[in-house]
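Novice:
Number of protein chains: 2
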Amino acid sequence: MLRISKLADYGTIVLTAMAREPAWTFSAAELALRTGLPAPSVSKILKILLRQGIVVSLRGANGGYRLARSPAEISTVQILNALDGPLGVTECSASPGLCKREAHCGTRAHWHMINRVVLQALEHITLQQMIDPGRPRLDVLRPAWRAARSAEVSP
Amino acid sequence: MLRISKLADYGTIVLTAMAREPAWTFSAAELALRTGLPAPSVSKILKILLRQGIVVSLRGANGGYRLARSPAEISTVQILNALDGPLGVTECSASPGLCKREAHCGTRAHWHMINRVVLQALEHITLQQMIDPGRPRLDVLRPAWRAARSAEVSP
DNA sequence: GCCATATAGGACCGAAGCGGTCCTCTTTAA
DNA sequence: TTAAAGAGGACCGCTTCGGTCCTATATGGC
Ligand code: FES
Ligand code: FES
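Protein chains in written order, with our numbering: chain R, 368 to 522; chain B, 368 to 522.
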């Protein structure tokens, strides 16, 4: 229903917790404690994020996980892509070329436009903004809006 | 994965077909033919849309379905709400008050902001725009952007 | 060298959601 | 009276997803 998965939701919670101390190495158990999320799920999430290059790991005793980049360089779209797979508002916009109705389908172009707006918005919301104290302001999406517009004219 | 359901996708296709001749009464079978969608699914979709007041029906022979309002007064958010239930990017934004982490959850406010942008965008894309010939322009979302901004300052 | 700790990877299962089909009842025009 | 068409819901098979657990591997501390 136009909703992200629970895993992705949990993922952002875990990552924001890590982003508050980017230099620190957290064990999966400690992150589960801090976030209040079930430990097995946190562990599973971290393993996925590791394979996607969003966190790095240190194995063995005193090991754990650390952000692979600075919080300003990790956007929500990266997190969602990692945990939910490639995202698209419609099936047709996620996997273009598969649908045989594409040629004479009037809705496709519009869904694609909506999809672009959503993607740009998610692209411009970073972990840094997530941990920013104070109420979130819509103005952070202004660059996203401009990016979506400029992406429209070129192709 | 931040995707609408197949039913909702089909629904917009059926409704755009109807929107091209708003005064006409289509039988479910004819709409299935025109759209190339499986007839039972089209029938199911129309029944749901009927209960949600998006289409009206005429029973009996020569009966069928008609749009309940003009295409300009039917937005995609209404269609998605009808076919996919109440929509929210995250579970917490769809059903506020259920999550016990709300008080100290830094991500909630940001998801809610993203959710508002998406909702406003869907609110301003109507069936009229869907059937508009020519490439869709992002400018139709400009009122949506303004609406999202003004909704931000008031509460 | 041994052990405790912690990640790596994947197998596994139960629940829920969803897409799709079909059946029966009611209504209405011809 | 009959055929056409919607109304409503039951039903089922498939997929997906959330969640748990097990084994193997690596590493720091003793
Ligand atoms: S249904 Fe596939 S492109 Fe429109
Ligand atoms: S997890 Fe429910 S409000 Fe953040």
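In this text, a Cβ means the ideal position worked out from N, Cα and C, and glycines have one as well.
Quick check: does the Cβ of Glu388/B come within less than 7 Å of any heavy atom belonging to ligand 1?
Specialist: no
Novice: Let me know the secondary structure DSSP gives Thr443/R once reduced to three states.
Specialist: Looking at Thr443/R - three-state DSSP - the assignment turns out to be helix.
Novice: I think Thr457/B touches Asp499/R, with their Cβ atoms under 8 Å apart; what is that distance to the nearest whole Å?
Specialist: That pair is no contact at about 19 Å.
Novice: In chain B, what lies closer than 7 Å to Glu519/R by C-beta?
Specialist: Contacts between Glu519/R and chain B, judged by CB atoms closer than 7 Å, involve Leu505 in chain order.
Novice: In the DSSP assignment, what residue or residues form a beta bridge with Leu425/R?
Specialist: Gly431/R
Novice: Flag this pair as yes or no: are the beta carbons of Ala395/R and Ile421/R separated by less than 8 Å?
Specialist: no
Novice: For Thr457/R, does the three-state DSSP call read helix, strand or coil?
Specialist: coil
Novice: If you pair each beta-carbon of the stretch 475-495 of chain B with each one of the stretch 430-445 of chain B, do three or more pairs fall below 8 Å?
Specialist: Short answer: they touch.
Novice: For a cutoff of 8 Å on Cβ pairs, would you count Ser442/R as touching chain B?
Specialist: Ser442/R does not count as touching chain B.
Novice: Judging by CA-CA distance, which residue of Ala476/B, His477/B, Ala511/B and Asp451/B is the nearest neighbour of Arg370/R?
Specialist: Asp451/B
Novice: Are the C-beta of Thr493/B and some C-beta of chain R separated by less than 8 Å?
Specialist: no
Novice: Compare the Cα-Cα distances from Leu425/R to each of Thr392/R, Arg401/R and Ala399/R and report the closest residue.
Specialist: Thr392/R
Novice: Tell me whether the beta-carbon of Thr473/R lies closer than 8 Å to the beta-carbon of Thr402/B.
Specialist: For the sequence presented, residue 473/R should be read as Gly rather than Thr. For Gly473/R and Thr402/B, no; Cβs fall outside 8 Å.
Novice: State yes or no: is the C-beta of Ala515/B within less than 8 Å of the C-beta of Val484/R?
Specialist: Not a contact, by the Cβ cut-off of 8 Å.
Novice: What residues of chain R sit near Thr360/B, judged by a beta carbon separation below 8 Å?
Specialist: This structure cannot speak to residue 360/B, because chain B is shown only from 368 to 522.
Novice: Ligand 1 heavy atoms versus the CB of Glu397/R: any closer than 7 Å?
Specialist: no
Novice: List the DSSP bridge partners of Thr493/B.
Specialist: Ser442/B
Novice: Using a threshold of 8 Å, state whether the C-beta atoms of Leu505/B and Met480/R are closer than that.
Specialist: yes
Novice: Does Asn429/B pass the burial test, meaning 16 or more other C-beta atoms within 10 Å, or should it be called exposed?
Specialist: exposed
Novice: So Trp512/B packs on Trp512/R, CB below 8 Å; how close in whole Å?
Specialist: 6 Å
Novice: With burial defined as no fewer than 16 other Cβ atoms inside 10 Å of the residue's Cβ, what is the status of Pro453/B: buried or exposed?
Specialist: Exposed, since its Cβ has fewer than 16 Cβ neighbours within 10 Å.
Novice: Do Gly474/R and ligand 1 come close, with the Cβ less than 7 Å from some heavy atom?
Specialist: The question names Gly, but residue 474/R is Thr in the sequence shown. Yes, the Cβ of Thr474/R comes within 7 Å of a heavy atom of ligand 1.
Novice: Within 8 Å of any Cβ in chain R, is that where the Cβ of Ala428/B sits?
Specialist: no
Novice: Under 8 Å, Cβ to Cβ, is there at least one residue of chain B near Val485/R?
Specialist: yes
Novice: State yes or no: is the C-beta of Pro503/R within less than 8 Å of the C-beta of Ala476/B?
Specialist: yes
Novice: Just to check, is the beta-carbon of Glu519/B closer than 7 Å to a non-hydrogen atom of ligand 1?
Specialist: no
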